[in-house]
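Its first residue numbered 1, the sequence shown is counted upward by one per residue in full-length UniProt numbering. Below is one structure; the comments refer to it alone.
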Amino acid sequence: MTSRAAERKPPVIAVTDDWRLLQAQNVYRLLLLALLISLQQAGTLDLLFEDNRPRLFYGVCIVYALAALGILIPALYRRPALSAQALANFALDTGAIVLLVYASGGVAGGLGILAIPPVIAASLLLSTRLAMAVAAMATLAMFGEEVLGHYPNLYSTSNFTGTGVLGITFFITAGVANAVARRARASEALALRVGSEFEDLARLNETVIDTMQTGVLVVDAGDTVRALNHAAARMLHSGPEAVGSPLLRHSPALVEAVARWRAGSAAPEAAISPEREGASELLPRFRRLGSGPDSPTLVLLEDAQRVREQAQQIKLAALGRMSASIAHEIRNPLAAITHAGQLLAESSALPAADRRLLDIIQRHGQRIDRIVKDVLNLSRGAADPQVFALGPWLRQMLGQYQEAHPERQPRLELRDNLLVRFDAHHLQQVLFNLLDNAWLHGRQGERPVQVRVRVSALYPRGGALDVQDDGPGIAPETAQHLFEPFFTTTTQGTGLGLYLARELCAYNQARLSLLAPEAPAADAPRASGALFRIAFVAPESEEASR
Numbered sequence: 001m002t003s004r005a006a007e008r009k010p011p012v013i014a015v016t017d018d019w020r021l022l023q024a025q026n027v028y029r030l031l032l033l034a035l036l037i038s039l040q041q042a043g044t045l046d047l048l049f050e051d052n053r054p055r056l057f058y059g060v061c062i063v064y065a066l067a068a069l070g071i072l073i074p075a076l077y078r079r080p081a082l083s084a085q086a087l088a089n090f091a092l093d094t095g096a097i098v099l100l101v102y103a104s105g106g107v108a109g110g111l112g113i114l115a116i117p118p119v120i121a122a123s124l125l126l127s128t129r130l131a132m133a134v135a136a137m138a139t140l141a142m143f144g145e146e147v148l149g150h151y152p153n154l155y156s157t158s159n160f161t162g163t164g165v166l167g168i169t170f171f172i173t174a175g176v177a178n179a180v181a182r183r184a185r186a187s188e189a190l191a192l193r194v195g196s197e198f199e200d201l202a203r204l205n206e207t208v209i210d211t212m213q214t215g216v217l218v219v220d221a222g223d224t225v226r227a228l229n230h231a232a233a234r235m236l237h238s239g240p241e242a243v244g245s246p247l248l249r250h251s252p253a254l255v256e257a258v259a260r261w262r263a264g265s266a267a268p269e270a271a272i273s274p275e276r277e278g279a280s281e282l283l284p285r286f287r288r289l290g291s292g293p294d295s296p297t298l299v300l301l302e303d304a305q306r307v308r309e310q311a312q313q314i315k316l317a318a319l320g321r322m323s324a325s326i327a328h329e330i331r332n333p334l335a336a337i338t339h340a341g342q343l344l345a346e347s348s349a350l351p352a353a354d355r356r357l358l359d360i361i362q363r364h365g366q367r368i369d370r371i372v373k374d375v376l377n378l379s380r381g382a383a384d385p386q387v388f389a390l391g392p393w394l395r396q397m398l399g400q401y402q403e404a405h406p407e408r409q410p411r412l413e414l415r416d417n418l419l420v421r422f423d424a425h426h427l428q429q430v431l432f433n434l435l436d437n438a439w440l441h442g443r444q445g446e447r448p449v450q451v452r453v454r455v456s457a458l459y460p461r462g463g464a465l466d467v468q469d470d471g472p473g474i475a476p477e478t479a480q481h482l483f484e485p486f487f488t489t490t491t492q493g494t495g496l497g498l499y500l501a502r503e504l505c506a507y508n509q510a511r512l513s514l515l516a517p518e519a520p521a522a523d524a525p526r527a528s529g530a531l532f533r534i535a536f537v538a539p540e541s542e543e544a545s546r
C-alpha cells in the first residue's frame, strides 16, 4: 500500500548506470581505434575492409584518438550534463566513422557497420525523440558520404541500397535500444522508490517500536538476543550491546519462561521477579516468528506495575459508574431512614424495647452510610502526588491523630530521612486507617496496645513506612482475604478500609502489604502482632522510569 508521503515524494531518477555506460563507450572507442591503427600498420586491414586512402585513414584515426582522449575529461567530471555529452560523443563517433568509411571506399567497403554502436549508445542515453533524431542524422551522414564519393567517381561502384539498409538498421536499433533503456530506467526508478519506501517504513517501525512502553525482544532458538528496543533494554538493565549476547546473562527467569512456553505450557506466564532489588516485576508474552521449530521468538515485556495501574484505571471507571448509582439509589433513601430514626429518638413515649430497635436502625444506617462514603472516596481516588519529606510530615500527622485519640500514643521511629512522592491526603487516610486497625484489632484483654510507626530506606530506589502492633496478629486464613473488598471480621466494620488503603497506595505508585512481624528489640523473645508496610518508589527513580 502506497503511503501519502510516498505519493508526494518526487520521482527517483537513477543516472549512475548512465554515466557508466558513457564511460564504457569511451573505453570501447579507444579499443576500436587501437585495433584499427594496429591492423593498418600491420598491413592486414585489407583483409577486413577496403583501404583506398591509407594516409587519410591513418590521419583520421590519429585525430579521432586525440579527440577521444580529450572527451574523457568531461566524462570524468560529469560536466556538462549527460545528454549534452551523449550528443557530443555521437557527433564525434559518427563524424570520424563517416570519414573512415569515405577513406575505405564507401559503405560497400564494410566499415559502415561501425556506425551502429554510436547510434545504440546515444539511444540508450537520450529520449525517444532525440534517439530517432540521432538515427536520422547517422543515416543522412552515410548518404552524404556516399553521394560525395559517387559523383566525382571516387568509388568504383556506389551502394545506395546498402546505405538505405544501413539507415533502416540505425532506426531499428535506435528504437529497440531506447525502448530497453526506458524500461530499464522505469524499473530502476521503481526499485529505488520501493526501496526508499521500505526504508522509510523500516525507520518508522523502528521508531514506533523504540518509543513503545512495551518491551520488545527477539531471541533465537539458542536464546541469544537478536533485537530489543529501549524499553526492553531498560527493563533488563542492559543496553544496545545486549544484541548478540545470551539472554541468560540478562534474565535467567525469562529464559525459564521462554523454555516453558516452547514446551507447550498453555498457562499464562506469571510475573517475573526482577534481577535487581527495587526493579519492577515483568509480565512476559511470547509469539513465534515463523513456522519452523528453530524460528525466533518474539518476547513482549510489560511492566507489572504499569499493568496494575491500567487495571486500576479501568476499575476506577467502573467504580465511578457504580458510585453514581449508589449515590442516587441508596444515599437518598438512607437519608430518609436515618432522619426518621432521629425523629423517633426525640419521642419521650418510645418504649425501651422499641428504642433498642431504633438504636439498631441508626447504627446500621450509619454503617451503610460509611460504606457509601468509602465507595465514593474510592471512585474519586485520582491522586495529586507531591514530593515531601516523610519524617516531618509523620510528626505532624501523628500529632493530629493523638489530638483526636488522646488515649492512643503511637511510637515514631525515623531510621532514615526519606523523600516520598505521594498525595498527602491519601497517605493520611491510609495511615489513620492502619492506626485505627492496630488499636481496634490488636487489643488483648485489658493490656494496652503498643503501636510503632517506623520509616526506613529498604533499597536505593525507595523506602518503607511500617505500622506494627504487638497484638495477637492475623490468622493465615484471614490474611488471604484481608485486602478483598467487603471482607470483615467484625459486625461494625465495612470491609473496605484496607481495600481502600491499598487502592490509594496503588494510585500513588506505592504498595501496601502485610508482612511477618519483626521483633521490637534485639533481646525480645519473639515477634508478634501485625506488620503493614507501605513500600515507596523514590521520586527520582519514578521520574527516570517515565
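Note that CB positions come from ideal geometry on N, CA and C, so glycine has one too. If you're wondering where the values come from, they're calculated on a predicted model, not measured in any experiment.
{"query": "Selection from R185, G70, L228, A135 that minimises the alpha carbon distance to G164", "result": "A135"}
{"query": "Straight-line Cα distance separating N433 from R411", "result": "16 Å"}
{"query": "Cβ-based burial, T489 [other Cβ within 10 Å; buried from 16]", "result": "exposed"}
{"query": "Opposing strand residues paired with F422 [DSSP bridges]", "result": "Q386"}
{"query": "Residue of V453, D470, V218, G473 minimising C-alpha distance to A464", "result": "V453"}
{"query": "Endpoints, beta strand (DSSP E) assigned at S196", "result": "Taken as a continuous stretch (DSSP letters only), S196 belongs to no beta strand (DSSP E), being part of the alpha helix (DSSP H) at 160-211."}
{"query": "Contacts around L111, its chain only, beta-carbon distance under 6 Å, and the 5 residues preceding and following it disregarded", "result": "F49, L100, V101, S104"}
{"query": "Residues near L298 in its chain [Cβ-Cβ closer than 8 Å; skip 5 each side]", "result": "V216, L217, V218, F286, R287, R288, L289"}
{"query": "Length of the line joining the Cα atoms of Q213 and S291", "result": "28 Å"}
{"query": "Contact the stretch 136-147 vs the stretch 160-178: 3+ CB pairs below 8 Å", "result": "yes"}
{"query": "Reference L358, options R370, V372, D18, L343, closest by Cα", "result": "L343"}
{"query": "Under 9 Å between C-beta atoms of D223 and L248", "result": "yes"}
{"query": "Straight-line Cα distance separating L394 from R262", "result": "51 Å"}
{"query": "Ranges of the alpha helix (DSSP H) found wholly within the stretch 117-153, counting only runs of at least 4", "result": "128-150"}
{"query": "Cβ-based neighbour list, R408, same chain, cut-off 6 Å, excluding 5 preceding and 5 following", "result": "W439"}
{"query": "Contact check, A510 vs V420, beta carbons under 9 Å", "result": "yes"}
{"query": "According to DSSP, residues forming a beta bridge with E503", "result": "In the DSSP output, where bridge partners are listed per residue, E503 has none listed."}
{"query": "For L514, the first and last residue of its enclosing alpha helix (DSSP H)", "result": "That residue, L514, is in no alpha helix (DSSP H); its beta strand (DSSP E) goes 511-515."}
{"query": "Per-residue DSSP class, three states only, for H442", "result": "Note that residue 442 is Gly in the sequence shown here, rather than His. DSSP places G442 in coil when its eight states are reduced to three."}
{"query": "Whole-angstrom C-beta distance between L414 and V455, which should lie under 8 Å", "result": "5 Å"}
{"query": "Distance between F171 and D294 (C-alpha atoms, nearest Å)", "result": "58 Å"}
{"query": "Whether G497 touches D470 by CB criterion (9 Å)", "result": "no"}
{"query": "I37 in three-state terms, based on DSSP", "result": "helix"}
{"query": "Sequence-distant residues of the same chain with beta carbon closer than 7 Å to D416, five excluded per side", "result": "V455, S456, A457, G463"}
{"query": "For E281, three-class secondary structure by DSSP", "result": "coil"}
{"query": "Start-to-end residues for the alpha helix (DSSP H) that takes in T478", "result": "476-479"}
{"query": "V63 versus N89 - alpha carbon distance", "result": "14 Å"}
{"query": "CA nearest to the CA of V176, picked from P448, P117, A232, R79", "result": "P117"}
{"query": "Neighbourhood of A96 by C-beta, 7 Å cutoff - its chain only, sequence neighbours within 5 removed", "result": "V60, Y64"}
{"query": "Candidates E329, G144, P296, E281: closest to V307 by CA position", "result": "E281"}
{"query": "Range of the contiguous beta strand (DSSP E) that encloses D466", "result": "462-469"}
{"query": "Cβ distance (whole Å) where I120 is taken to contact T44 below 8 Å", "result": "Not really, about 27 Å apart at Cβ, beyond 8 Å."}
{"query": "Sequence-distant residues of its chain with Cβ nearer than 7 Å to F57 (five each side left out)", "result": "Q40, D51, L100, A103, S104"}
{"query": "Option nearest Q362 by Cα separation, candidates A336, D423, L254", "result": "A336"}
{"query": "Per DSSP, the bridge partner or partners of F90", "result": "According to DSSP, which records beta bridges pairwise, F90 is partnered with nothing at all."}
{"query": "Own chain residues within Cβ distance below 7 Å of G239, not counting five before or after", "result": "A233"}
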